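Asks:
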Amino acid sequence: WGTRALEVIELVYKTEASICIFTEAGELWNTNKLPHFNIFYQKGTNHIGGVCIAVGKHLKASLIEIDIPNTVVIDITGLSEPVRIIGTYWPNSQKRNLDDILPLIVEGTILTGDFNATVREWSSPATDKRGAVVKDWIEENNLKYIPSTSL
31 WGTRALEVIE LVYKTEASIC IFTEAGELWN TNKLPHFNIF YQKGTNHIGG
81 VCIAVGKHLK ASLIEIDIPN TVVIDITGLS EPVRIIGTYW PNSQKRNLDD
131 ILPLIVEGTI LTGDFNATVR EWSSPATDKR GAVVKDWIEE NNLKYIPSTS
181 L
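For the sequence shown, my numbering begins at 31 and goes up steadily by one.
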């Protein structure tokens, strides 16, 4: 975030985004403002950690209070269907039990973020240990992986 904030703001407006998830937001997450957005933040476990979800003020969003570092959960209503967004950052140095997130997943949930995991089937050069854990967890819980797209 910090020095890259202007790039982020430009990208948000260029893509006409209504919802943005920022990982590794860091301690300086609130030093720059994103006009016309409500910001929901959860601090991280280190100085570069933390997650922000920015939601356009034209949408109704509410924070779900949780006690999981590097994770923000919001509900968005007023669309054709309610949507829950879980934004998470999983630093390499952090141990995490993905099952802690499971009770938060309801119909219409989008779980997104930086898991610091690679999986060959997801266009990574190789599958690492964490990638295998995440992939297995997704499959075991009947979730769907949606590949990222380039802007």
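Backbone N, C-alpha and C fix where the C-beta goes; we use that ideal spot for every residue, glycine too. In this text, all values refer to a predicted model and were calculated from it rather than measured experimentally.
(1) Check each candidate in 145, 45, 131, 92 and name the one with the smallest Cα separation from residue 122.
(2) Given residue 94, which residues of its chain have a CB within under 8 Å of its CB, disregarding the five upstream and five downstream residues?
(3) Comparing alpha-carbon positions, which option in 162, 50, 75 lies nearest residue 64?
(4) Would a C-beta distance cut-off of 9 Å place residue 162 and residue 120 closer than the cut-off?
(5) Among 69, 46, 43, 45, whose alpha-carbon lies nearest the alpha-carbon of residue 52?
(6) Going by beta-carbon coordinates alone, are residue 131 and residue 118 separated by less than 9 Å?
(7) Could you spell out where the beta strand (DSSP E) holding residue 87 opens and where it closes?
(8) Answer with buried or exposed for residue 99, where buried requires no fewer than 16 other C-beta atoms within 10 angstroms of its C-beta.
(9) Who does residue 43 pair with in a DSSP beta bridge?
(10) To the nearest whole angstrom, what separates the beta carbons of residue 80 and residue 55, a pair I think is in contact under 8 Å?
(11) Starting from the C-beta of residue 167, find all residues in its chain whose C-beta is less than 7 Å away, skip the five residues before and the five after it, and write them out in chain order.
(12) Determine whether the beta carbon atoms of residue 150 and residue 157 lie at a separation below 9 Å.
(13) Using the beta-carbon count (16 or more within 10 Å), is residue 175 buried or exposed?
Replies: In terms of the structure at hand:
(1) For this step, residue 122 is matched to residue 92 along the sequence shown. Comparing C-alpha distances from residue 122 to each of 145, 45, 131, 92 shows the shortest one belongs to 145.
(2) Position 64 of the sequence shown, counted from the start, is the residue given in the question as residue 94. Answer for residue 94: 103, 104, 105, 114, 134, listed in chain order.
(3) As a working mapping, residue 64 is identified with position 34 in the sequence shown. Of the candidates 162, 50, 75, the residue whose Cα lies closest to the Cα of residue 64 is 50.
(4) Stepping through the sequence shown from its first residue, residue 162 is reached at position 132. Stepping through the sequence shown from its first residue, residue 120 is reached at position 90. No, Cβ-Cβ distance for residue 162 and residue 120 is not below 9 Å.
(5) Here residue 52 refers to the residue found at position 22 when the sequence shown is read from its first residue. Of 69, 46, 43, 45, the residue nearest in Cα terms is 69.
(6) Walking along the sequence shown from the start, residue 131 turns up at place 101. Walking along the sequence shown from the start, residue 118 turns up at place 88. Yes.
(7) Looking up residue 87 in the sequence shown gives position 57. Where residue 87 is concerned, there is no enclosing beta strand (DSSP E), given that its DSSP letter is neither H nor E.
(8) In the sequence shown, the residue the question calls residue 99 occupies position 69. Residue 99 should be labelled buried.
(9) Here the question's residue 43 lines up with position 13 in the sequence shown. Beta-bridge partners of residue 43 (DSSP): none assigned.
(10) Position 50 of the sequence shown, counted from the first residue, corresponds to residue 80. Position 25 of the sequence shown, counted from the first residue, corresponds to residue 55. Yes, residue 80 and residue 55 are in contact; Cβ-Cβ is about 4 Å, under 8 Å.
(11) Translated into the one-based positions of the sequence shown, residue 167 becomes position 137. Same-chain partners within the cutoff: 128.
(12) Within the sequence shown, the letter at position 120 stands for residue 150. Within the sequence shown, the letter at position 127 stands for residue 157. The answer is yes: Cβ separation under 9 Å.
(13) Locating residue 175 in the sequence shown gives position 145, where the first residue counts as 1. Classification for residue 175: exposed.
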